[in-house]
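Sequences listed follow chains A and B, in order. Taking the working numbering, the leading residue of the first sequence gets 3, the next gets one more, and so forth. Taking the working numbering, the leading residue of the second sequence gets 27, the next gets one more, and so forth. C-beta: ideal position from N, C-alpha, C; glycine also. To start, the structure itself, in C-alpha cells.
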Amino acid sequence: MYQNWIDLGLKKGITDLEVFAVRNKSLKLSVYQNKLDQHVQSDVESITIRGIYDNKLSTVRFENLSDVHVDQLLDALKANAKALTVVEPAIIYEGSKSYPEVKDELFDFGSVPVIKKIDLLKDLEQKILANPFVTQVQSTMYQEIDTETTLVNSKGLHLSRHNTYAYAYAIGVFQKEEDIKTAYDIKLAKNFDEFDVVKMAETTITKGVSSLGGTSMTSGEYPVVFSNEMFADILEVFTSIFSGEAAYRNMTFLKDKVNQQIAGKDINLIDDPLHPDAHFKTGFDDEGVACSKRYVVENGVFKGFNHNLKTASIFKEEPTGNGFHGGISTTNFYLEPQEKDFDTLILDIKDGVYITDLVGLHAGVKTVSGEFSLQASGFKIKNGKIDHPIKMIVVSGNFFDAINHVKGIGSDLKFGLSGVGSPSVYIESLMIGGEA
Amino acid sequence: MLKKVEIQELLNEALMTGADFAEIFLEDTKSSFIRVTSGDVTSIDRGNVFGAGVRLIQGVDEVYGFTNHVSYDSILAVVKNLRASFSGALTKVSPLGDKKPFKDDVKKPMNSVSVEEKSKVLQALSNQIKNYDSRIVQALSQLLETEQYVLIANSEGVYQDDKRTYSRVMLAAIAQENGLMQQAYEGPGRFMGFEIFDEVDFKTYANEVAESAVKLLSAEDMTAQVMPVVLHNAFGGVIFHEACGHPLEATAVAKGLSPFVGKLGQKVGSDIVTAYDDGDVDGAWGRLSYDDEGKPTQKNLLIENGVLKGYLIDYRNARKMKMEPTGSGRRQSYKFSPTSRMNSTYIAPGKDKFEDIIKDTKYGLFAKKLGGGTVVPATGEFNFAVQEGYMIEDGKLTRPVRGAMLIGHGKDVLFKIDKVSDNLEFGQGMCGSLSGSIPVDVGQPTIRVSSMTVGGAGGKK
C-alpha cells in the first residue's frame, strides 16, 4: 500500500516522497467506586506523507486511507508545495550508515485477561481508600498502548519500530478539616507484572497525606529545591530553545551562543535515545536519521542545537536525529545527576522551599525570555530538614538565570512519561508569592 | 460513510446483550495549516481526521471503541467486542429519525479560496508586524482552517449530521533588545470560513501584538503581593472558565468533585455576577448547531445575580445526576467519548464603566491580556498567567509589568468580584479536558476582583 502511494506520487511529478505510518492500538480502563467506569478500545492507523515538489517540501496527514482520498491529497500536496515562497533545504533521506540496536522488550499486554486489569484498578482504589484521610478516589486509569511505526521513502529507505507499554494510576482525594488535596503517582510498565499495587497505593497515600494541612507563606526571596519530577517538567517546557528551528527562526536566545558558557559548570544536559532508565528508546527519528547520545550542554557550555535534516543543512552541520513529528524534539533529554542524596542536598538550607507540585506550566512559562511564574505547592525547608506543607504559592524566576545559580544537584534521576528526566535541583534563590 | 440502514443494523446489534443505549459517531475532518514567518510562506500542511466511534451504555456504565476503518464489517467487529462487556436482555432500538437541517451559512469555505490568496493576506500581516519596530526580530502569522463533518446516530432514534467550519489566525511577535527577548501573541478565531478576514480587524490585532512585544522589553518584573486586580474584557473571561466553568461541568459535579455540588439555588457569588454558557452564539468559535451527542445546543444560565442556576450536563452524566442534558456533550474527535464541556462561557455585562473602575482603584494590577490557566476541580484551586499587565496607582494606569501569575480559589473569587463593566467581549482558546481539546470562547466585560494573590519575579534584592 505504502509503495503504491509513493509510485502514484512519483507519477504525479512529485520528486521524492516519504510515507510515515503509525498504527496505534490501545485499551483504556477506568474504575470508579469499585465499578468499571470507562472502557475504551481503539485501533487507528494514521499516515503522514511528505513530498518534494518544485524543490519544496509539503506534508499531508490523514486517516482516510482510501485510494481516491490519497489521490486528492497528493494533488493538494503539490499545490501547497508550489505556493511556498521560501526555498529551504527539502530532503528525503537515503538513510544513515548504521543504526543503533534498541534493546527494548516487547510485551503483549493483550494476552493478559481484561478482568486482571480491572482487578488491578479495583485493588488500587480499595487500598488507597483504606487510608483515613482519603474521602474518595476521584478516578483510576489503566492504559496499554501498542505502537507500530513504519517509514518508507522513494530513496529506498525502509525502517520500522514497535513499542509496547502500559501505565496505571489513581487520583486520591485527601481531606483534613477544610483542606482538600489530590495526589497520584503514575507507574509505567513494560511488562504487566511490573505493576505493584501495594507500592503504588503507598506512594499515592504518602504524597497526599504529607501535603495535607498546607498553608501559604510570606512572600519573598527563598532558596528553592525542585523535586526531580518538577524540575523535569520545567526542563521539558524549555527543550524547544535547543531546537535548530528556533535558532533559524530567531526564536531562542541561544542563537549565536554555541560553545559559550550558558549555565553553571556542573550543568550537563544530555539527549540520549537509548538511556537504560528511559521509558522509550529509539534508534532512528521520524525522518530516518540514526539517533545517538549527545551532550547539548556540557559543563555549562552549550554544545549545539538539535537538528532535523532541514536545519542541519541550513547550519551546515550533521543531522542529530531529532526530527520528530514534522519538527524537532528531544528523545530522552535529562539533567545529569550528581552524588548527593536528597537529605544531603537540602542540609545547608536554613529557610527555604521544597517544591513537589507545579500547576499551569503551559501558561506560566515563556520560553523565549526564560521567565516563569507558576502556581506551586510543597514544603518549607527549615534548618536543613523538610518542615510543614505549603500550598497556594507562586514561584517565579528566570530559567536562564536559574541554571547559572544551581547550588546542588541530587542523585535521584527520574524520567517522566514525556521522556525528560531530572534529579532534584537546588536553586540559590527564587521569588515566592504568597501572603502579604 | 455508511448507509442509514447499515447504521440502524449496527445499533440493533449493539443492544443485543444488555446495553440500553448505543451511539455511532462518524467523522470526516479536513484541515489546512498555513504558516508565514517574517513575510515568507514557510509551510502549508493538510490534515484529515477520519473514523468512527461506538459507544454502548448500560445504566451508567459505558464502553467506547474507535477505529479509522469505516466499513460495516469493521464497525460490527468493534460493536461485538464492546457488547461483550455487558450481559442482559435485548433492548429495543428506536427507528432512526430524519436529519434536521444544521446552520450552514459559511460564505467562503476552505476550498473556495486558493492557498496563494490566503498566503498573501498572511504575508501582509506578518510584514506589518515585522515593520512595526526595528526591535521586532520575528513576526509570525498562521491560518488554521478546519471543516469537521460529523454524523451522530443513536438507539433513541437520533440521526443527525453537523458541519463545523472553523478559522483561526495566530499572530505572534518576538522583540529583542540588549539580549532580552519578549513575545506577544493573539489568536482570534471564528465559526467561519475565509470571510473571517472580512469580519475581524486583523490589522489592529497585528499592531497590538507588535506593540505589546516591544512594551514588554521595558516592563518591570511583577512583585509578588496580594492586591486588587482589574481583569480586562474578552480573554479575561478565562478566570470564569477555569474557576467556575470547569467545576460546573457534570464530569466534576456527578462525582461530587466540585465546590458547586448541591449548591443549586444558593448564593455562590456576589450579586453583580450573572453568567451563561451559550452553545449557539452566531459566528462564535465555541458554537455548534448540534452537540456531539446530536442534541441541539442551547443557552444555559449558570449563575444569576450570584445564585447558582445550572450545570453543564451530557447524556451519560444526566443519567447519573437524574437531570436533563444541556446540549453540552462535546469531544475533540471520534477518538474520544463525549462528555460535558463548555462552548461560549461568559460573565454578563454589568453597569460599571471601564474608566470608572480604573479611577476607583487606588492601587492594583490591571491585567489587560491573560494567557492560559488551569484549575484542579476537586480543590477549586486555579491559576492564570498575565500576558500584558499594568500597575494601577491612584486611579491611573502607570508602569507595564510582566510575568504576573494570579492564583485563587473558585469558590472565593466569585464573591470577591466587586465591579462588572458593560464592555462584554469574547476571546478564543482551545480547552483541554477528558474528551480532548476543543474550541471554546471565554468572555466577560472588565471586572474587578477585590483581592488576589499575584506572583512574580520582581522585588529581588
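Cα-Cα separation, Met136(B) to Arg61(B): 16 Å
CB Ser363(B) to CB Val42(A), shorter than 8 Å? yes
Look at Phe22(B) and Ile178(B) and say whether their C-beta atoms are less than 8 Å apart. Nothing can be reported for residue 22(B): it is not among the residues displayed for chain B, which extend from 27 to 487.
Relative to the C-alpha of Thr205(A), which candidate in Ile330(A), Ala280(A), Phe233(A) and Glu127(A) has its C-alpha closest? Glu127(A)
Looking at Ser28(A): is its Cβ nearer than 8 Å to the Cβ of Asp39(A)? no
Closer than 8 Å to chain A by CB, Ser111(B): yes
Look at the alpha carbon of Ile188(A) and the alpha carbon of Lys321(B), and state the distance between them as a whole number of angstroms. 36 Å
Which residues, taken in chain order from the region 182-209 of chain B, show a beta carbon closer than 9 Å to some beta carbon of chain A? Ile200, Gln202, Gly205, Leu206, Met207, Gln208 and Gln209
Per DSSP, Ser48(A) is paired with what? Val24(A)
Straight-line Cα distance separating Ala199(B) from Ala210(B): 5 Å
Under 8 Å from the C-beta of Thr142(A): neighbouring residues of chain B: The contacting residues do not exist; Thr142(A) stays about 12 Å from chain B at best.
Going by the beta-carbon positions, is the gap between Leu311(A) and Thr68(B) smaller than 8 Å? no
Distance check for Leu242(B) and Asn252(A), CA to CA, integer angstroms please. 17 Å
The beta strand (DSSP E) that contains Asp224(B), what's its start and end? First-last for Asp224(B): Ile222 to Glu225, but that is the alpha helix (DSSP H), not the beta strand (DSSP E).
Give me the chain C residues within the contact set of His364(A), using Cβ-Cβ distance strictly less than 7 Å, ordered along the chain. The chain inventory of the structure shown lacks chain C, comprising the protein chains A and B.
Where do the ends of the alpha helix (DSSP H) carrying Tyr186(A) lie? Here Tyr186(A) belongs to no alpha helix (DSSP H), and DSSP marks it neither H nor E.
Could you please tell me which residues of the region 19-45 of chain A, in chain order, have their CB closer than 8 Å to any CB of chain B? Tyr34, Lys37, Leu38, Asp39, Gln40, His41, Val42, Gln43, Ser44 and Asp45
Run through the region 125-207 of chain A for me and flag every whole beta strand (DSSP E) of 3 or more residues, listed as ranges in chain order. 136-155, 160-178, 181-185 and 189-191
Okay, do the region 331-351 of chain A and the region 209-223 of chain A touch, 3+ Cβ pairs below 8 Å being the bar? no
Which of the residues in the region 420-434 of chain B, read from start to end, lie with their CB under 9 Å from any CB of chain A? Arg428, Gly429, Ala430, Met431, Leu432, Ile433 and Gly434
With DSSP run on the structure shown, which of helix, strand or coil describes Gln5(A)? helix
Closer than 7 Å, Cβ to any Cβ of chain B: which residues of the region 208-235 of chain A, in chain order? Ser221 and Glu223
Determine the chain A residues that contact Gly469(B) at a beta-carbon separation under 9 Å, and present them in chain order. Here the premise fails: no neighbours, minimum Cβ distance about 18 Å.
Would you say the beta carbon of Ile51(A) is closer than 7 Å to some non-hydrogen atom of the ligand ATP? Absent from the structure shown: the ligand ATP. Ligands present: none.
Nearest to Pro214(B) (by Cα), restricted to the options Gly485(B), Gly469(B) and Val475(B): Gly469(B)
Please list, in chain order, the residues of the region 95-119 of chain A that have any C-beta partner in chain B closer than 9 Å. Val116
Since Asp71(B) meets chain A, which of its residues come closer than 8 Å, beta carbon to beta carbon? Ser60, Thr61, Val62, Arg63, Asn82 and Gly328
For a contact meaning CB atoms closer than 9 Å, what does Tyr90(B) contact in chain A? Lys30, Gln40, His41, Val42, Gln43 and Ser44
How big is the Cα-Cα spacing for Gly85(B) and Glu49(B)? 14 Å
Within a Cβ cutoff of 6 Å, which residues of the same chain sit near Asp9(A), ignoring the five residues on either side of it in sequence? none
Going by the CB atoms, is the gap between Ser366(B) and Gly462(B) shorter than 8 Å? no
So, for Gly114(B): in the same chain, excluding its five sequence neighbours on each side, which residues have a beta-carbon less than 6 Å away from its beta-carbon? Gly44
Are the C-beta of Met3(A) and some C-beta of chain B separated by less than 8 Å? no
Could you list which residues in chain A have their beta carbon closer than 7 Å to that of Gly528(B), in chain order? The structure shown does not extend to residue 528(B), since chain B spans only 27 to 487, so no value can be given for it.
Could one say the Cβ of Ala411(B) lies closer than 8 Å to chain A's Cβ atoms, at least one of them? yes
Taking Cβ positions, are Glu88(B) and Arg342(B) nearer each other than 8 Å? yes
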